[in-house]
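Quick note on the working numbering: the sequence shown kicks off at 127 and runs consecutively.
Ideal Cβ positions, reconstructed from N, Cα and C, are used throughout, including at glycine.
First the structure, in the form of C-alpha cells, and then the observations on it.
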Amino acid sequence: MLKAIPLLFASLCLMPLAQAAPMACSGSGEARCMFEAIWDAAGVLPSEKQARLKPAFLETVSRADDAALLRSWETRLGVTTRHRTPPIDYAKDQAQAVVAEAGWSGFEQRARAGTAPFNIGRPEIMAAGVRLAADETTRRRLTAAMFDLAQTKTTRGGMGDDFEKGDFGHALAELSMQHCDLAGFDRAVALTPAPDSLRYALWRARITGNAGQLASRIRSEADADDTRHVRNALEGYGPIVSLGYCQTL
127 MLKAIPLLFA SLCLMPLAQA APMACSGSGE ARCMFEAIWD AAGVLPSEKQ
177 ARLKPAFLET VSRADDAALL RSWETRLGVT TRHRTPPIDY AKDQAQAVVA
227 EAGWSGFEQR ARAGTAPFNI GRPEIMAAGV RLAADETTRR RLTAAMFDLA
277 QTKTTRGGMG DDFEKGDFGH ALAELSMQHC DLAGFDRAVA LTPAPDSLRY
327 ALWRARITGN AGQLASRIRS EADADDTRHV RNALEGYGPI VSLGYCQTL
C-alpha cells in the first residue's frame, strides 16, 4: 500500500500538466490561438531576435482584420504596427511589359526560350504572368509551361540540371495554394528542396482546412537559435488569415 502512494502522487502531479497541454486551434478563435502558438515558438529565442520578429508578426496579425486582436498584440509586444510601403514588384512589372509588347503567346515563347527578361527570375515572372492572365485557358497554359520548365534537363555532359527546379516548385506551390488546387499543390511541393516544411504544411491546410492542427508542431519545432521557423510559420499562416480557407470561399 505504501509503495502505491508515491505512484499515486506522481500521477496526480502529472494530471494538471496533461490538462494544460496546448490543444489544436479551431473554430472562431483559431487565429487568436495560432498567433499564440507562433509567439510561443518565438519565446525561446533571445530577446534581440524576438525584437526583429515583432514587425513581421504584427503585420501578419493585421491581416486578420481584427482590430481588437491587433491592439492586444501591440500592447503585449510594446510596439505598434508599421505599415510599410509595398516594395516594387519587379516580376509583375516585367510580366506586364512583355505581355504589352508580345502578347500572351510571345510571353510564353520568350519564357520557354529563357530570353530577356526571363534570363533572371524566370519562375517569378511566369508566376506573375499567371496572376495577370484574364482567362482560365491562359492561366492553365502558362502553369503547364512552368511545370514543363521545372523538370530536370540533361546537359551536354549528361548531368541533370536542376537550376530552377526548386524556384519553379515554390512559385507553383504558391499559385496552387492561392487557386485552391490541391493536386497542383502536391505536385509543385514535390519539386521543392523542403516539401515537408512548416510553411508548405500551412499552405496545404488552406486548401484542406484546419490549419489549427499544426499549432502543436509550431510549438514543438521552435528553434532557440534561428528565426526562420517563426518566419516560416508567419509566411505559412498569413494567406489563411488574409484569404480565408478554400472550403469556405
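Residue environment, residue i, which counts as buried when at least 16 other CB atoms sit within 10 Å
{"i": "M149", "result": "exposed"}
{"i": "P213", "result": "exposed"}
{"i": "G335", "result": "exposed"}
{"i": "Q373", "result": "exposed"}
{"i": "H209", "result": "exposed"}
{"i": "G362", "result": "buried"}
{"i": "S154", "result": "exposed"}
{"i": "A254", "result": "buried"}
{"i": "E262", "result": "exposed"}
{"i": "P298", "result": "Reading the sequence as shown, one finds Leu at residue 298 and not Pro. Answer is buried; the Cβ neighbour count reaches 16."}
{"i": "A348", "result": "buried"}
Contact belief for residue i with residue j at Cβ below 8 angstroms, rounded distance in angstroms
{"i": "F244", "j": "R236", "result": "6 angstroms"}
{"i": "A271", "j": "R265", "result": "About 11 angstroms separates the two Cβ atoms, so there is no contact after all."}
{"i": "L360", "j": "F183", "result": "6 angstroms"}
{"i": "E290", "j": "L275", "result": "7 angstroms"}
{"i": "M303", "j": "I333", "result": "6 angstroms"}
{"i": "L340", "j": "L328", "result": "6 angstroms"}
{"i": "L196", "j": "T207", "result": "7 angstroms"}
{"i": "T186", "j": "G364", "result": "5 angstroms"}
Own chain residues within Cβ distance below 6 angstroms of residue i, not counting five before or after
{"i": "A331", "result": "A337"}
{"i": "C306", "result": "I333, C372"}
Alpha helix (DSSP H) segment containing residue i, residue limits
{"i": "E174", "result": "173 to 188"}
{"i": "P365", "result": "354 to 369"}
{"i": "Q222", "result": "216 to 239"}
{"i": "V109", "result": "Beyond the ends of the chain as shown, which are 127 and 375, falls residue 109; an answer cannot be given."}
{"i": "F161", "result": "156 to 168"}
{"i": "E200", "result": "193 to 203"}
{"i": "T206", "result": "Segment: none, T206 is in no alpha helix (DSSP H) and carries neither H nor E."}
Proximal residues to residue i (C-beta, below 8 angstroms), its chain only, five neighbours per side dropped
{"i": "G247", "result": "Y216, A217, Q220"}
Own chain, CB closer than 7 angstroms to residue i, minus 5 neighbours either side, in chain order
{"i": "V356", "result": "I164, A167, A168, L179"}
My parser needs the alpha helix (DSSP H) runs of 4 or more residues fully inside the stretch 249 to 297; what are they? 262 to 276
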